[in-house]
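Worksheet: one structure, shown below.
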Ligand code: SF4
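Residue numbers (my numbering), protein chains in the order written: chain A, 1 to 804; chain B, 1001 to 1185.
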């Protein structure tokens, strides 16, 4: 019988019936549904025993205690705040909460690589073995010393306050180059204010825990000021106290032109003309002096230069009091400069003067210095309030008595190298308080350097992106012979390197934190690795030590440790030997409550014991100090007329140069062409420094900050209307430094004619999840060099905005 | 006419038989063959005899950790406690010692009851509820050799992975919540 068409159909019909009565179709339907759970690219968490490891976060300088959750002891799956740590008391900021994305980032550099094509060519990097990479660097360093030009080696580090910074410094002192630089920091200018006022170049600290009234001059207190971990915990206390109607809760007055997160949550927001914060401080000081609201007995006993005085040449000099009462500092003048009603300034002055624990804080950003004269104005306001005293609101951050570095016995070559001026100083004769200035270095290098830089080492810094006015870095790097990056990531700066010797990430290495910005107590903590290195990377400290050892001679003698861990242990041994301070045991507020001068009883046996405790995530602390006992100024008092500045003959005869004063910023560019002002701001939900914004954090951005690949600028609705712009419109933002495409967000918390732009977007490197998202204001800002310190200040520029 | 009729009924009988044949073939395929065809048989990386380990208690290897999580299959550390040096001369003993213990590598066991990542399953409440291990797992007390692992060719899951309807049924029978977030958190 032929199996014809009809028979086939009959068979098929039977098969369909049979299949339907079998489990096959249902099984297949079910399986295809769960098939999608096994796609190979679907992330699958490792399973195994969960352990927790406490350590210290070093993603910023905040000094928070964190805990990592690990699976099988080698896969980190969560970072959380350590509730037993006295700084953050269990809190964590968004950066650290997403911090593990740095550890497992696809843009990590997993082994040493070398550029084989033109600099900046991403595809030109080829792997080379560690030994080869190290000997290449060693040969260059040795040859420069043999040739008698050790000063042709320079370094930029992004690590501000840690032993790694000190190790670099030690290396440069022994090797013989003065060209060691750090990324800019607010403490650069803060320390100078302390130097001029108190005679000690130490960072200032604020006892905000006991404040009842805080005048914040543009400091985004919960947006990243000081130690974000400490500030978030504190703000939580204030909120809780307020909601439970308990005292003490601090009253917070936020003074800044934009309604920042802190302004929105403060008790009062005082919007002023951007950049006029110091003018308001002087205005308030004026009212306090005029109405006799300042601490008269404190000022009479402890302050020099309040009244008019006579200098060593017998010349009559103006004091702060008559300066404040002069017509150029009148209430009306302050009102004109700040855009505030005179009555409001008087009200602020009265409130500030009458509150028992009132303090003025300042500093827009942790990473940028301010004009020294402005720093002095804010500090002077606190002096009038009598805040710098025993148990006062402001003190000097105490130093940590770590084991000292061995003395450097510089050989002849090193002595010659160190005798050269560092490249930033060659043209700095006119700067009275000239300090190491990265901008000065880059500027001189990009123009006509008086000597070449053959090797530039860049350690955990990304100036090609994060330095305001980063064009100067791009120009300067063209002049460098050979660029070495120690970054663990393929960032904008690493892309420009000739060779990359990747560091471990913060979670794979030992590191330390010496002091917390703004904290009156001495603080020291060791960040121990939470897991072993994931890739073929090396601790930059170990690389430096190995390099020194191979160089031999006085360089090797100055850096005698066999590893970076050994170096840290040595320092901790020294700390233990000092017998000072104690290990903070729990989150209990003992750290904040330790009275001044009463050093807590040491609760560690010896160096090894202290190291063990620190390496397990605890921290060492010591009592705050009385600033009045530390004064070392020429007059032996707190100075409001700065004799140290005067002795540098700053604009001889101009007394106001030796007093706290205000000068408005003169931004370059034609006012007609650029009728608006661009101001950049930082926020806790956007990482803007060395570390890029991790994708988890980018997920939290509102769609009026970043939408697809466009970032937004904030504009007052009226300003937008006058420019013919509406919510979400794309526009060209142009400043004398450059231009970019942005979208417009209408924000009533913006000031008229000011454009606000967030920092942290607009990367060009890393991977697809980070690059090409938004625009980077650092390419648009204007950098101004402070005439007193030579430090670059940058937060604004003249701008125009037109529809794209 | 009659002939034609006869012819038709003969044809329809044949047609019915063909239909029935198709029906039976599909049933056999669906019920008997396909369940075997859809799984591929995988061998474990090495053999293991539960019987040979009867001097230890079950909890020596399959225990609850201090934090209440269940340890499941022991890690190589556990094997190392006794097998640091070979304890016999079998090939499997050699594999265990040379390939895993000495190289400090975990044995990539295929887990018969592996639940997908979107299922939150905790052994602790099931144990506390008085369930016996064998309610869900095979009885290994007299097992000399590990059975082959049957992997679903489509989904990659083990044949023994308990499916949602089984979980739900047991929960329903015992009056335990079947809310989505009981198991999918
Ligand atoms: S504030 Fe700084 S130190 Fe604290 S958790 Fe965040 S990144 Fe780490």
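Note that CB positions come from ideal geometry on N, CA and C, so glycine has one too.
Task: the stretch 413-427 of chain A / the stretch 178-186 of chain A touching (three or more Cβ pairs under 8 Å) - done: As far as the Cβ criterion goes, the stretch 413-427 of chain A touches the stretch 178-186 of chain A, which means the pair count is three or higher.
TODO: State yes or no: is the C-beta of residue 513 of chain A within less than 8 Å of the C-beta of residue 527 of chain A?
DONE: yes
- [ ] Anything in chain A within Cβ reach of residue 1026 of chain B, meaning under 9 Å, just list it in chain order.
- [x] Residues of chain A whose Cβ lies closer than 9 Å to the Cβ of residue 1026 of chain B are, in chain order, 14, 15, 16, 17, 18, 19, 20, 21, 22 and 24.
Task: Where residue 216 of chain A sits in the DSSP three-state scheme - done: strand
TODO: Please list the partners that residue 1120 of chain B has in chain A, where partner means a Cβ-to-Cβ separation under 7 Å.
DONE: Those do not exist, as residue 1120 of chain B stays about 12 Å from chain A at its closest Cβ, beyond 7 Å.
Open item on the list: Give me, in chain order, the residues of the same chain whose beta-carbon lies closer than 7 Å to that of residue 1083 of chain B; leave out the 5 immediate sequence neighbours on both sides.
Closed with: 1096, 1097 and 1101
TODO: Pull up the distance between the alpha-carbon of residue 805 of chain A and that of residue 278 of chain A, whole angstroms please.
DONE: The structure shown does not extend to residue 805 of chain A, since chain A spans only 1 to 804, so no value can be given for it.
- [ ] Would you check if the distance between the CB atom of residue 591 of chain A and the CB atom of residue 584 of chain A is smaller than 8 Å?
- [x] yes
Task: Short-range partners of chain A found in the stretch 1064-1078 of chain B, where Cβ spacing is below 8 Å - done: 1065, 1067, 1069, 1071, 1072 and 1075
Open item on the list: Does the CB of residue 10 of chain A have a neighbour CB from chain B at under 8 Å?
Closed with: yes
- [ ] Using three-state DSSP, classify residue 1152 of chain B as helix, strand or coil.
- [x] Assignment of residue 1152 of chain B by DSSP, reduced to helix, strand and coil, places it in the strand class.
TODO: Would you decide whether residue 758 of chain A is buried or exposed? Buried here means 16 or more other CB atoms lie within 10 Å of its CB.
DONE: buried
Task: Contact test: residue 92 of chain A Cβ vs the ligand SF4 heavy atom, cutoff 7 Å - done: yes
Open item on the list: Output needed for residue 485 of chain A: all residues of its chain with C-beta closer than 7 Å, excluding positions within five of it in sequence on either side, in chain order.
Closed with: Cβ within range, chain order: 458, 493, 494, 497 and 500.
TODO: Give a yes or no on whether the minimum CB-CB distance between residue 1031 of chain B and chain A is below 8 Å.
DONE: yes
Open item on the list: Would residue 516 of chain A and residue 227 of chain A qualify as a contact pair, given that the criterion is a beta-carbon distance under 8 Å?
Closed with: yes
Open item on the list: Quick check on the DSSP output: the beta strand (DSSP E) that includes residue 53 of chain A runs from which residue to which?
Closed with: 50-56
Task: Whole beta strand (DSSP E) elements within the stretch 106-178 of chain A, 3-residue minimum - done: 113-115, 125-127 and 153-157
Open item on the list: The beta strand (DSSP E) that contains residue 395 of chain A, what's its start and end?
Closed with: For residue 395 of chain A, the uninterrupted beta strand (DSSP E) run begins and ends at 394-396, by DSSP.
Task: Min CB distance residue 841 of chain A to chain B below 8 Å - done: This structure leaves residue 841 of chain A out entirely; chain A is present only between 1 and 804.
- [ ] Classify residue 664 of chain A as buried or exposed, calling it buried when 16 or more other Cβ atoms lie within 10 Å of its own Cβ.
- [x] exposed
Open item on the list: Which residues in chain A have a C-beta closer than 7 Å to the C-beta of residue 1154 of chain B? List them in chain order.
Closed with: 31, 32 and 35
Task: Test: residue 1117 of chain B CB closer than 8 Å to a CB of chain A - done: yes
Open item on the list: Residues in the same chain with beta-carbon distance under 7 Å from residue 576 of chain A, minus the five sequence neighbours each way, listed in chain order, please.
Closed with: Excluding positions up to five away in sequence, the list reads 604, 606, 607 and 610.
Task: Stretch pair the stretch 1064-1081 of chain B + the stretch 1032-1046 of chain B: three plus CB contacts closer than 8 Å - done: Under the three-pair Cβ rule at 8 Å, the stretch 1064-1081 of chain B does not count as touching the stretch 1032-1046 of chain B.
Task: Cβ contact check for the stretch 59-79 of chain A and the stretch 446-454 of chain A: 3 or more pairs under 8 Å - done: no
TODO: Give the C-beta separation of residue 358 of chain A and residue 212 of chain A to the nearest angstrom, bearing in mind that I take them to be a contact with Cβ-Cβ under 8 Å.
DONE: That pair is a contact at about 7 Å.
Task: Proximity to residue 637 of chain A [Cα-Cα], best of A/427, A/340, A/719 and A/303 - done: A/303
TODO: Output the boundary residues of the beta strand (DSSP E) element that contains residue 459 of chain A.
DONE: 455-459
Task: Neighbour-count burial assignment, residue 256 of chain A, 16 or more Cβ in a 10 Å radius - done: Taking all protein chains shown into account, residue 256 of chain A has 16 or more neighbouring C-beta atoms within 10 Å of its C-beta and is therefore buried.
- [ ] Determine the closest residue to residue 204 of chain A out of A/13, A/618, A/382 and A/753, with distance taken between C-alpha atoms.
- [x] Considering only alpha carbons, the answer is A/382.
- [ ] Using only the heavy atoms of the ligand HEM, determine whether one of them is closer than 7 Å to the beta carbon of residue 746 of chain A.
- [x] The ligand HEM is not part of this structure, which contains only the ligand SF4.
Open item on the list: Here's the rule I'm using: 16 or more other beta-carbon atoms within 10 Å means buried, otherwise exposed. How should residue 793 of chain A be labelled?
Closed with: Buried, since its Cβ has 16 or more Cβ neighbours within 10 Å.
Task: For residue 739 of chain A and residue 723 of chain A, the rounded distance between their alpha carbons - done: 17 Å
TODO: Using beta-carbon positions only, say whether residue 656 of chain A and residue 323 of chain A come within less than 8 Å of one another.
DONE: yes
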